[in-house]
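Just remember that the working numbering sits 19 ahead of the position in the sequence shown, which is counted from 1.
C-beta atoms are modelled at their ideal positions from N, C-alpha and C, and glycine is treated no differently.
Just below is one structure, and these are the notes that go with it.
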Amino acid sequence: MTSDTIAAPRTPTAARRRGSNLEKWGWIYMRASGVLLVVLIFGHLFINLVAGDGVRQIDFAFVVGKYATPFWQWWDVIMLWLALIHGANGMRTIINDYVTHARTRTVLVWAVGLAAAFLILLGTLVVFTFDPCLGVTQDSSLWSMCKG
Ligand code: HEM
């Protein structure tokens, strides 16, 4: 094969013959998480915007109700993790495809990874530690619910 010949996509290289193939698992992850995200995102949109009173039902009490329920906490956290890892891995692919300067590529991939990790941590903490009574005082409309 001369240097200007592009190898067939399935031609194994030395690196691919041994060990786990992270790029392959990344490719599979994008498809598997995509299927799950269709269910999670459209379920989320249906419950929030269509079922019950539709979009008019969304207020603080609606969110309080959802986050008092382990089912919706886990629904949202799984959606958060899958979407952020999916989005970050997708951005990594785009960066690797388009950024030719090696150091810039490394910096950008790390920036995307750190941003995703930070948002996953923050979002997970918010969902599981959300407390509607935090900081509520006597002059708040939530006082009667929270004082007990
Ligand atoms: C409705 C659910 C979703 C489905 C079914 C889905 C499906 C996919 C699939 C199959 C790929 C791989 C495409 C390829 O390798 O050529 C992909 C890429 C990508 N996805 Fe998603 N996705 C969904 C939601 C999301 C969300 C919520 C985000 C953002 C957080 C996102 C961001 C991306 C990005 C940035 C890429 C890379 C695009 C590229 O390689 O050109 N996707 N998606």
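Which value, in whole angstroms, describes the spacing of the CA atoms of residue i and residue j?
| i | j | result |
| --- | --- | --- |
| A121 | W46 | 22 Å |
| V58 | G71 | 19 Å |
| W91 | A27 | 46 Å |
| N67 | D158 | 30 Å |
At a cut-off of 6 Å, is residue i close to the ligand HEM when judged by its beta-carbon and the heavy atoms of the ligand?
| i | result |
| --- | --- |
| I77 | no |
| H105 | yes |
| I97 | no |
| A102 | yes |
| T143 | no |
| R50 | yes |
| I60 | yes |
Excluding five sequence neighbours on each side, which residues of the same chain lie with their C-beta closer than 8 Å to the C-beta of residue i?
| i | result |
| --- | --- |
| I60 | M98, A102 |
| G132 | A107, R111 |
Return the Cβ separation of residue i and residue j in integer angstroms, given the expectation that the two are a contact with Cβ distance under 8 Å.
| i | j | result |
| --- | --- | --- |
| H105 | S52 | 5 Å |
Within 10 angstroms of the Cβ of residue i, are there 16 or more other Cβ atoms? Answer buried if so, exposed if not.
| i | result |
| --- | --- |
| D150 | exposed |
| A87 | exposed |
| A130 | exposed |
In its own chain, which residues sit with a C-beta less than 6 Å from the C-beta of residue i, not counting the 5 before and 5 after it?
| i | result |
| --- | --- |
| S85 | Looking at the sequence provided, one finds Lys at residue 85 rather than Ser. Same-chain partners within the cutoff: W91. |
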